[in-house]
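K.L.:
The sequence shown maps to residues 1 to 277 in the UniProt record's numbering. Glycine included, each C-beta is placed from N, C-alpha and C at the ideal position. My questions will all concern the structure given below.
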Amino acid sequence: MANPLPKLVTFDGDARSGKGTIVSLVKDYVRDELFLPVMLIDAGQVFRVLVVMMQEYGVDLDDPAAIDAFLADKRNEDACVRRVKFVYHLPRADRDALLYTPEISANSVKIGARPRSQAFKDALLRKWLRDAREEGVEIVLLDGRALGEVGEELARAGLCEHVLDLFFVCDPVVSAQRTLGMMPRPYAELNADDRARVDDQAAQITARNRADRTRSVQPVVPPAGALTYPVGELPTVLPPRDPCPAAIIDRSIELPRETMALPVIRLVETYCLPPAS
């Protein structure tokens, strides 16, 4: 008998909204406290891994046609799946050193801007969902951008049950201070140089969010009809919504990481665990 479809929770949101921190803590809780087979897929890493692979293949990353040609080659899908899985199992320090350099970040934006790259990423996600079911994974946590639409498509393809769509937002100034390690000091108490650094970082975050929300392919937009909740006031049950429950979660308040993740964990428990008999 085939394994049941995995339950899919999508973690979407604005740049620097902190969803990656929360989804990692949710994964640890599901694995270590609920003892359920769980898979975390970081869709954003796909583009970073693609940068590494294209550099190895000698692709000119300033040539959109060369990028598209690489993405159009079906042989590269399987190679990318293998590479992403390899990178996933690297020690975190090694993974960060490989993927999170300024050069990789800048080039991943170039790749992500190509419309064909989104289709490439979606093809990889379909492969991962099939693998997850074959391996008996019960819960898949998908971290990335523009995932509400992707989650619906994966569910319609019969690859998962999309049970929850979470979209994270954060005030750009708060996001900038967190990025620069200046929290929890109030912005008004920063010196002039630090305020200038925060303002510059906040402007970059705002510009990226604006570009993401207006791009032609898979724009990054909050789920339609979803209510917004401060992260500390997130309920354990959401209002009904078609095709699945959704929430916009505001992370602008400063709380310890574990405290901030706990309401999200409780919400994931509600929609991923079978009802008590």
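Per DSSP, what kind of secondary structure is residue 293 in: helix, strand or coil?
P.N.:
Since the first residue shown for the chain is 1 and the last is 277, residue 293 is missing from the structure and cannot be characterised.
K.L.:
In angstroms, rounded to a whole number, what distance separates the CA positions of Y271 and P235?
P.N.:
Distance between the alpha carbons of Y271 and P235: 12 Å.
K.L.:
Below 8 Å, how does it come out for the segment 75–95 and the segment 157–175: are there three or more Cβ pairs, yes or no?
P.N.:
No, the segment 75–95 does not touch the segment 157–175.
K.L.:
Is G225 buried or exposed, if buried means 16 or more other CB atoms sit within 10 Å of its CB?
P.N.:
Exposed, since its Cβ has fewer than 16 Cβ neighbours within 10 Å.
K.L.:
Spatial neighbours of P219 within its chain, please: C-beta separation below 6 Å, excluding the five flanking residues on both sides.
P.N.:
For P219, where only same-chain residues beyond five positions count, the Cβ hits under 6 Å are R213.
K.L.:
Closer than 8 Å is the cut-off here; do at least three beta carbon pairs connect the segment 5–13 with the segment 78–85?
P.N.:
No, the segment 5–13 does not touch the segment 78–85.
K.L.:
Can you give me the start and stop residues for the beta strand (DSSP E) that L40 sits inside?
P.N.:
Residues 38–42.
K.L.:
Is DSSP giving residue 355 helix, strand or coil here?
P.N.:
Residue numbering for the chain in the displayed model covers 1 to 277; residue 355 lies beyond these limits and cannot be assessed.
K.L.:
Would you call G136 buried or exposed, if buried means 16 or more other Cβ atoms sit within 10 Å of its Cβ?
P.N.:
Under this definition G136 is an exposed residue.
K.L.:
Could you give the DSSP three-state label for S277: helix, strand or coil?
P.N.:
Residue placement at S277 is flagged as unreliable, the pLDDT there being 46, under the threshold of 50; the coordinate-derived value follows with that caveat. Residue state, collapsed to three classes: coil.
K.L.:
Whose C-beta lies closer than 6 Å to the C-beta of M39 among residues of the same chain, with five residues either side of it excluded?
P.N.:
Only A132, V137, V140 meet the Cβ criterion.
K.L.:
Could you tell me if I111 is buried or exposed, where buried requires 16 or more neighbouring beta carbons within 10 angstroms of its beta carbon?
P.N.:
Buried is the call here.
K.L.:
Going by the beta-carbon positions, is the gap between residue 279 and T21 smaller than 8 Å?
P.N.:
The requested residue 279 does not occur in the structure, where the chain is confined to residues 1 to 277.
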